[in-house]
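Chemist: The structure's right below; bear with me while I get my questions together.
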Amino acid sequence: EMVAGPPATEPGRLITDPSSGRTYFKGRLLGKGGFARCYEATDTETGNAYAVKVISQSRITKPHQREKILNEIELHRGLQHRHIVRFSHHFEDADNIYIFLELCSRKSLAHIWKARHTLLEPEVRYYLRQILSGLKYLHQRGILHRDLKLGNFFITENMELKMGDFGLATRLEPPEHRKKTICGTPNYVAPEVLQRQGHGPEA
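Residue numbers (the UniProt record's numbering): 1 to 203.
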């Protein structure tokens with residue numbers, strides 16, 4: 001009797017780029033969201049470590065869902081800033097879409113908050129400066145993140161903050177075309193977003 005191998009979302013499986021043949025060892029689960037799971041991944045040839053976002057093809061049932069993922073990739077790959085998670089590369093196979101990102105091994109501010117339930121004032125100042133630096137860069141390029149929360153502020157091995165998860169991000173339009181979509185994470189959403197007044201960077 002044949003036994004099927006583990007599904008692609010289980011740790012310990014090799015991921016192969018169909019076009020280049022490069023292989024990556026998929027390690028521990030870093031986190032999971034609505035559509036995706038994020039794992040540590042290591043290039044088997046170079047030893048370079050990444051965070052890989054794995055999106056199951058079976059979850060992408062409608063054209064607009066694929067468009068949303070491609071929009072996230074297109075927007076994120078063009079960003080280069082010290083306090084924004086670095087986009088490396090992406091590919092897909094029959095089962096999944098794989099997005100390779102800078103590895104932030106200390107997880108996120110949400111994990112720090114959950115463990116300690118407090119941040120000291122110097123820490124808050126330290127992280128806020130980095131958040132504002134990243135936001136200024138985005139807004140100068142007409143990009144709205146639209147899901148700023150502790151869980152999307154990732155922390156590197158040397159305790160540097162990197163803003164990530166551009167799944168809800170969009171490019172800013174002129175005021176008459178201001179975004180009226182309600183999106184974001186409950187409890188973090190600005191009033192003008194909930195009231196559909198149209199919103200810009202301030203939200």
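Even for Gly, the Cβ is constructed at its ideal location relative to N, Cα and C.
Tell me where the alpha helix (DSSP H) around valine 193 begins and ends.
Modeler: Element bounds for valine 193: 191–194.
Chemist: Could you tell me how far apart the beta carbons of methionine 159 and arginine 106 are, in whole angstroms, since I believe they sit closer than 8 Å?
Modeler: About 7 Å separates the two Cβ atoms, so the contact holds.
Chemist: I'd like the list of long-range same chain contacts for glycine 167, defined as Cβ closer than 6 Å, with 5 residues on each side in sequence excluded.
Modeler: Closer than 6 Å at Cβ, skipping near neighbours: Glu72.
Chemist: For glycine 33, which option in Arg59, Leu119, Glu157 has the closest C-alpha, if you only look at C-alpha atoms?
Modeler: For the residues Arg59, Leu119, Glu157, the minimum Cα distance to glycine 33 belongs to Arg59.
Chemist: In chain order, what residues of the same chain have a beta carbon less than 6 Å from the beta carbon of threonine 156, not counting five sequence neighbours either side?
Modeler: So the list reads Cys104, once near-sequence residues are dropped.
Chemist: Quick one: is valine 193 buried, meaning 16 or more other Cβ sit within 10 Å of its Cβ, or exposed?
Modeler: It counts as buried.
Chemist: In terms of DSSP beta bridges, what is cysteine 38 paired with?
Modeler: Its beta-bridge partners are Gly31, Lys53.
Chemist: The beta strand (DSSP E) that contains serine 58, what's its start and end?
Modeler: Here serine 58 belongs to no beta strand (DSSP E), and DSSP marks it neither H nor E.
Chemist: Are the beta-carbon atoms of histidine 89 and methionine 163 separated by less than 9 Å?
Modeler: In this structure, methionine 163 does not lie closer than 9 Å to histidine 89 by Cβ.
Chemist: Mark alanine 94 as exposed unless 16 or more other C-beta atoms lie within 10 angstroms of its C-beta, in which case mark it buried.
Modeler: Exposed is the call here.
Chemist: Who pairs with threonine 16 in a beta bridge, going by DSSP?
Modeler: Answer by DSSP bridge pairing, in chain order: Thr23.
Chemist: What residue range does the beta strand (DSSP E) around leucine 101 cover?
Modeler: Here the beta strand (DSSP E) through leucine 101 covers 96–101.
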